[in-house]
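Taking it in order: structure first as structure tokens, then the write-up.
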Amino acid sequence: MTRTGASRPHPAASPPPGDSSLSLTRSFRRLRTALAVSGLGLWLAVPALTATAAALTRDDDAAARVQAVGGVLALLLLPAVLLAPVAGTLAARVDRRLMLIIADVLRLAVLVTVPLVDTLVWTMAAAFLVACLSLLWTSSARASLPALVTEGTENDESRVAAHRVAARVLYGPAPVAALLFVFLALIADETLGRGSRDDLALYVTAAVFLISAAVVAAIRAIPATEPIHAPAPLKLIFQGPGTAVARGFGLAVATAALTSAAIVAVARVRTGELGGGDAGYGSVLTGLTLGAAFGLFLGPRVLVPFSRRRLLGLAAVAAAVTLVVTALVLNLVVVVFTTALLGVFAGAAWATATAALADPDAPDDTRPSNYLRSVAVVTGVVAFAAVPLVAGAIGSHRLAIGGGYDFDGTAAALLIAAVVGLLAGVVAYRRLDDRRGIPLVPDLRAALNGEVYAPPEQASTAEQQPVQRGQRGVFIAFEGGEGAGKTTQARLAAIWLRDHGYDVVTTHEPGATKIGMRLRAMLLDRDTTGLSDRAESLLYAADRADHVANVIKPALDRGAIVVSDRYVDSSLAYQGFGRQQRVEDVARVNAWATGGLVPDLTVLLEIPPRDGRDRLSAPADRIESLPDDFHERVRAGFRALAEADPDRYLVVDASRPQAELSREIQYRIREILPDPVPAGTEDVTSTFPAITEF
Ligand SMILES: Nc1ncnc2c1ncn2[C@@H]1O[C@H](COP(=O)(O)OP(=O)(O)OP(=O)(O)O)[C@@H](O)[C@H]1O
Ligand SMILES: Cc1cn([C@H]2C[C@H](O)[C@@H](COP(=O)(O)O)O2)c(=O)[nH]c1=O
């Protein structure tokens, strides 16, 4: 017996309640319009500035052109990586309305100077300045929205609605901006000279910022709010998401971001190589953004019975494969279509990841989406900087395949990005896969028919033994040193699970059964002297064998969630690492004692042994009173066990406040939960799922 197969992630894919339930104020609607207009300006600034950079380097070689465009793109994104917290603080200090208007006017002024100065250096500086001003603008407008949703009252509902509205109106205009750029490029081609063709898009972008300023000016007042806490993306990534599975989500999003950013980074130059101009470049961007919008819509709605995590991994891999095709194709129209397809996969990956990581109990918790956004933004900057560098370094080559195949640096760089993306996508898929052992193709086929695939052996067992639903239970163990907070967190997790309607059995080791209580007394009584290390190991294993047979297994067999305060890993850490016996021997004895039952999730509460023991008030028992070096070895042992099996473990810093820990643990537990009431439970028990305490 191994993991109990909790196959489906918690149903987090359903969208949060709409803002239609709120009666929106006029100021809110105006600020929302301003956000949309500002978003349009920002998105239009991207092709306008990059096309200008390409035009300014048109007489240089392809390497210089692609690097100029990549540089502008990286500078447009860099402030979001480096300056997000500064923008948040600054936005809170000054008059919001005035600041939005000034930022718009400055963006306008900077853009208008680009064609006048007409140098690459100033174009790049302008990209950075516009991005900084846009960051400031967006941070303060977003922070003001919740207070404007309903007259002066800011609450959870208004915050959630405001966040969603802001995301929609900021990112929604991207395809419109790309299409507008195509239109402007076509007009400019017809009417303006070679030297000033790209100026039109810059002037129109400046005009859009002027409209944005006018809309803001029409808002009577924008209330000041608390300082905006904008987390630094690099810090969020450095801290990590906390769990191996969440890292899988991050990796999948990074793959989607890498593949999309790689295309954008070389799109202007590649379009030229394929015989297109600015209009072709705009078409590629339109394809990508329209595809992404469709993917965002599709992600939560497609293949509903299919595992969201598998879908996310597959979307990431598919984006990378599509990039391979895009790199090899030499026809601009086909490139536009493959880019759109890549956008669909990337958008679906983003929508799936954010929905699956969101906590339905805390819809205003922005940590998961902040983490994913940080991953996407940082990956974007790296791709914008690195892909053009690689393209430039490779240069142009002619391959003698069937009469000659022009292999440009841009195509090679896209291929390299695709291979990196493919590797990351495959690792993400493996990390995220919550249906291990279930073949992918029949699983997908069943989902296409609106069903959940059950392997034949499972299906027949279920038919023959309808009462034996042991595979539906979930086993969670809490581990850690003395006083780490295992009992506290196990209790809080059980309360939370019961609140959600689960049948929960809380238990502990040693001493959960009658025999176990006697063994516990022998093991922990300080009067027990001369007990050999092997005998101690066997007594703990005997307690565990009784525990599994009489408490844990029956509970899992009926589909309950078992929450145990300590399990096998305690023996590996204490009797193995602590007593310095061979860990494999202790593991083997325990595997036999438990019939190989391994928890679905082990929460390791990590704390320095002295800090943990300082928390305890009762006199130290036989094990607690062992010297510090023993407990240090136990701690190191737990850490080694966790590192060896990161998918099963959640390691938390137990010196943090209880409530914070409990939230992080709930967050991880949600990933392995089955539906609260297993189908047919009532048929068997005739009752609502039971709550049992041992
Ligand atoms: N995060 C925390 N911060 C501060 N104190 C805590 C925290 N978690 C638990 N405590 C306190 O520490 C003490 C020990 O907690 P608890 O009994 O949950 O730890 P334990 O790991 O189960 O201990 P034992 O090793 O005895 O089984 C209790 O007084 C509890 O209230
Ligand atoms: C299960 C198990 C426990 N121990 C030790 C660890 C503790 O010192 C005690 C149990 O005390 P608690 O307050 O109930 O946590 O027993 C061990 O050495 N080996 C084990 O397998």
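Numbering (the UniProt record's numbering) for the sequence shown: 1 to 694. By construction, the Cβ of each residue, glycine as well, lies at the ideal position given by its N, Cα and C atoms.
Local Cβ density within 10 Å of residue i, reported as buried at 16 or more and exposed below that
i	result
His547	buried
residue 695	Here the chain covers residues 1 to 694 and nothing more, so residue 695 does not appear.
Pro442	exposed
Glu693	Low local confidence applies: a pLDDT of 39 at Glu693 is under 50, so the model's placement there is unreliable, with the coordinate-based value given in what follows. Exposed, since its Cβ has fewer than 16 Cβ neighbours within 10 Å.
Pro619	exposed
Gln465	Low per-residue confidence applies at Gln465: pLDDT is 38, beneath 50, and the placement is therefore not dependable enough to give any value.
Arg610	exposed
Glu536	buried
Pro674	buried
Pro627	exposed
Gly250	buried
Lys486	buried
Val121	exposed
Val333	exposed
Arg582	exposed
Trp43	buried
Arg142	buried
Phe306	buried
His229	exposed
Gly612	buried
Leu296	buried
Ala214	exposed
residue 699	Any question about residue 699 goes unanswered here, given that the chain covers just 1 to 694.
residue 704	This structure cannot speak to residue 704, because the chain is shown only from 1 to 694.
Pair within 9 Å by beta-carbon distance, residue i and residue j
i	j	result
Val387	Ala417	yes
Thr338	Val317	no
Val505	Ile438	no
Val114	Thr123	yes
Trp496	Ile669	yes
Ala125	Leu35	no
Ala252	Gly299	no
Ala327	Leu415	yes
Leu100	Ser134	no
Ala348	Leu290	no
Thr594	Ala642	no
Ala355	Ser260	no
His163	Thr33	no
Leu605	Leu661	yes
Val562	Ile623	no
Ala494	Ile515	no
Ala292	Gly343	yes
Ala254	Ala320	no
Leu40	Leu145	no
Ser396	Gly380	no
For residue i, the residue or residues it bridges with in DSSP
i	result
Thr354	Paired residues: none, contrary to the question.
Ala477	Ser564, Thr602
Asp653	Glu606
Phe128	Paired residues: none, contrary to the question.
Element boundaries [alpha helix (DSSP H), containing residue i]
i	result
Glu632	628–644
Tyr371	367–394
Leu76	62–82
Val504	Note, Val504: premise wrong, no alpha helix (DSSP H); beta strand (DSSP E) at 504–508.
Glu660	658–669
Asn331	First-last for Asn331: undefined, no H or E at that position.
Pro439	Note, Pro439: premise wrong, no alpha helix (DSSP H); not H, not E.
Ile237	233–239
Asp546	533–547
Pro305	Pro305 -> no alpha helix (DSSP H), and no H or E assigned at all.
Ile552	Note, Ile552: premise wrong, no alpha helix (DSSP H); not H, not E.
Pro115	96–117
Leu42	26–56
Check: residue i C-beta below 8 Å from any heavy atom of ligand 4
i	result
Gly578	This structure does not include ligand 4; its bound ligands are ligand 1 and ligand 2.
Using 8 Å as the Cβ pair cut-off and three pairs as the minimum, do the stretch 195–206 and the stretch 84–98 touch?
no
Count Cβ pairs between the stretch 180–192 and the stretch 281–291 that sit closer than 8 Å; are there 3 or more?
yes
Taking 8 Å as the threshold, find out whether the stretch 479–487 comes into contact with the stretch 563–581 through three or more Cβ pairs.
yes
Quick test of the definition: if touching needs 3 or more C-beta pairs under 8 Å, does the stretch 41–49 touch the stretch 69–83?
yes
Just checking, does the stretch 522–531 make contact with the stretch 578–590 on the three C-beta pairs under 8 Å criterion?
no
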